Amino acid sequence: MSNNNEQTFNILPHPAKTNDPKDLEPPQLGGGLNSNPELQAFHARDPYVPSEDLLKNVEQPLSREELRARAAQLNKQD
């Protein structure tokens, strides 16, 4: 070191290899979605679009009255 009181600064290389900040994080045990790369959001697939045949075969939903009657039937105490 020199005897003067002037500060010196050094430039160190940055450890990043890509522009993704996730690359700097070490693998984390129990780190939720960070610990399993298959579950990360950017690995998601396209949304599921059912075929026309499947859409034609879907039955109509029950009305409120039909659902209330079914709920009463299932909740009936013997």
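Under full-length UniProt numbering, the letters of the sequence shown match residues 1 to 78, in that order.
Glycine is no exception: its CB is placed at the ideal position from the N, C-alpha and C atoms.
Quantities reported herein were computed from a predicted structural model and do not represent experimental measurements.
Contact check, residue i vs residue j under 8 Å by CB: the rounded distance?
| i | j | result |
| --- | --- | --- |
| residue 24 | residue 13 | Contact doesn't hold; Cβ gap of about 13 Å is too wide. |
Between the alpha carbons of residue i and residue j, how many angstroms are there, rounded?
| i | j | result |
| --- | --- | --- |
| residue 55 | residue 22 | 41 Å |
| residue 68 | residue 76 | 12 Å |
| residue 74 | residue 20 | 53 Å |
| residue 66 | residue 47 | 32 Å |
Name the two residues that bound the continuous alpha helix (DSSP H) containing residue i.
| i | result |
| --- | --- |
| residue 75 | 64 to 75 |
| residue 56 | 52 to 56 |
Any C-beta of chain B sitting closer than 8 Å to the C-beta of residue i?
| i | result |
| --- | --- |
| residue 73 | Among the protein chains of the structure shown there is no chain B, as only one such chain exists. |
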